[in-house]
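Numbering (the working numbering), first residue to last: 10 to 283. To start, the structure under review is shown below, and the notes come after it.
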Amino acid sequence: MLSFFANIFGYILNLLYQVVNNYGLAIILFSVILKLVLLPISIKQQKTMKKSTKIQEKMREIQDKYKNNPEKLNQETIELYKREKMSPFSGCLSAIAQIIILFAVFYLVRSPLTYMKKVDPALIEQYTNEIKQEEENKNNPYPEIAIIKEKGGQDERVAINMNFLGLDLSSVPTQALSDWRVYIIPGLYVLTSFLSMRMTTSMQTKKKENSGEQNELDAVAQANKSMSYIMPIMSVSIAIIAPLGLALYWLVSNILMIIERLILNKFLKDEEEA
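Structure (structure tokens):
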């Protein structure tokens with residue numbers, strides 16, 4: 010399934026690349042298009058978060074009232090979600106979509122000749138074997154990136170312009186530790202990740218203060234808070250062992266997500282007041 014989405018993303022990225030002739034610009038445009046396509050899901054998720062905050066007080070009342078009656082507690086919880094027209098699993102779709110996209114884009118950036126340029130597999134295998142022999146059978150985790158670097162100047166079929174603002178987006182941080190430039194994009198990604206987390210925490214705190222809820226977070230909120238820290242850490246761990254093109258995609262996506270949250274929060278707040 011991941012290969013299926015990586016192929017679709019590859020077609021889109023290649024079309025953009027043919028227009029701008031720059032891998033970095035193509036990734037930025039791809040990020041914007043993907044964010045616009047997923048906008049309906051983002052709007053629904055934001056509305057769900059607001060609605061979920063509102064029903065937490067009612068949920069606590071039910072938990073306190075039926076804490077010694079698990080069967081009745083489950084029944085009343087289901088009824089509450091039905092009355093509010095909300096599913097307890099409403100956030101799953103967004104989470105699943107994010108995971109699929111994360112790994113599909115990783116597939117795409119790891120193997121751009123396969124998913125983006127649609128290069129003949131036989132040619133990829135031929136060049137991979139040649140590079141292995143030249144490098145004394147050294148195994149490279151990103152053989153297609155090596156092909157672009159070694160053969161791109163000789164064969165147009167495997168050439169991709171990965172020079173973006175002086176950065177080589179085919180570079181892998183763990184393979185170029187002496188080059189400080191490889192840390193620029195991952196570093197900016199970390200900063201925007203923590204900014205995004207601070208925004209989310211701030212919004213949730215304001216909602217709790219406005220609704221008069223208890224300061225203690227329930228188990229679900231605690232899990233969400235943990236995930237908000239785990240996901241960036243996991244992403245950074247992947248970004249430093251992957252080509253910089255992946256970190257650029259995550260950085261642009263983070264910036265777009267911050268802008269999206271600010272706009273949606275203002276729009277939904279005005280809609281709620283109206």
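All C-beta atoms in this analysis are idealised placements derived from N, C-alpha and C, irrespective of residue type, glycine included.
Looking at residue j and residue i, is the spacing between their C-beta atoms short of 8 Å?
i    : j    : result
Y32  : L271 : no
E85  : I71  : yes
A15  : A113 : yes
V167 : G175 : no
Y198 : N263 : yes
K81  : Y90  : no
Using a 10 Å radius around the Cβ and a threshold of 16 neighbouring Cβ atoms, would you call residue i buried or exposed?
i    : result
R92  : exposed
P252 : buried
V261 : buried
I133 : buried
F13  : exposed
N219 : Confidence is the limiting factor: at N219 the pLDDT is only 49, short of 50, which leaves the residue's position unreliable, though a coordinate-based value still follows. By the 10 Å Cβ count, N219 comes out exposed.
P150 : exposed
I268 : exposed
Q54  : buried
S180 : buried
N39  : The amino acid occupying residue 39 in the given sequence is Phe; Asn does not appear at that position. F39 is buried by the Cβ-count criterion.
L45  : exposed
P182 : buried
I108 : exposed
Which residue wins for smallest C-alpha separation from residue i, given the options the options?
i    : options                   : result
M266 : A248, L204 and L253       : L204
I110 : K275, I268, L255 and F276 : L255
W259 : T201, N149, E269 and I140 : T201
L273 : S51, L47, L43 and V28     : S51
R130 : D73, P152 and L38         : The sequence given here has Pro at residue 130, not Arg. The candidate whose alpha carbon is nearest that of P130 is P152.
E88  : I105, K67, D73 and V41    : K67
I42  : Q55, T57, K53 and F18     : F18
M10  : V46, F39 and Y116         : Y116
P49  : I169, A106, I247 and P79  : A106
L186 : K141, I250, M171 and Q27  : I250
Q27  : I194, E143, N170 and N83  : N170
D164 : R190, Q135, Q184 and P195 : Q135
F173 : I247, I194, T183 and Q184 : I194
I104 : T137, L47 and D73         : The residue asked about is misnamed: residue 104 is Ala in this sequence, not Ile. Here the closest residue by C-alpha is L47.
A248 : N77, V118 and V29         : V118
K275 : R69, D188 and K56         : K56
Looking at the structure shown, is residue i part of a helix, part of a strand, or coil, going by DSSP?
i    : result
N31  : coil
K138 : Going by the sequence as given, residue 138 is Asn instead of Lys. Three-state result, N138: helix.
N170 : coil
D73  : helix
L47  : coil
L178 : coil
L226 : Summary for L226: the model assigns pLDDT 43, below 50, so the residue's position carries little reliability; its value from the coordinates is reported in the next sentence. The answer is coil: DSSP assigns L226 none of H, G, I, E or B.
K127 : coil
G162 : coil
M266 : helix
Y151 : coil
I249 : coil
A185 : coil
M4   : The chain is shown only over 10 to 283; residue 4 falls outside these bounds and no answer can be derived.
S120 : coil
N78  : coil
S220 : Residue placement at S220 is flagged as unreliable, the pLDDT there being 46, under the threshold of 50; a coordinate-derived value is accordingly withheld.
Does any residue of chain B have a CB that is nearer than 8 Å to the CB of residue i?
i   : result
F18 : Absent from the structure: chain B. Only one protein chain is present.
>> Whether or not the segment 122-137 and the segment 152-171 are in contact is what I'm after, with contact meaning three or more pairs of Cβ atoms, one per stretch, closer than 8 Å; do they touch?
In response: yes
> Does the count of Cβ pairs from the segment 125-136 and the segment 15-32 closer than 8 Å reach three?
Replying inline: yes
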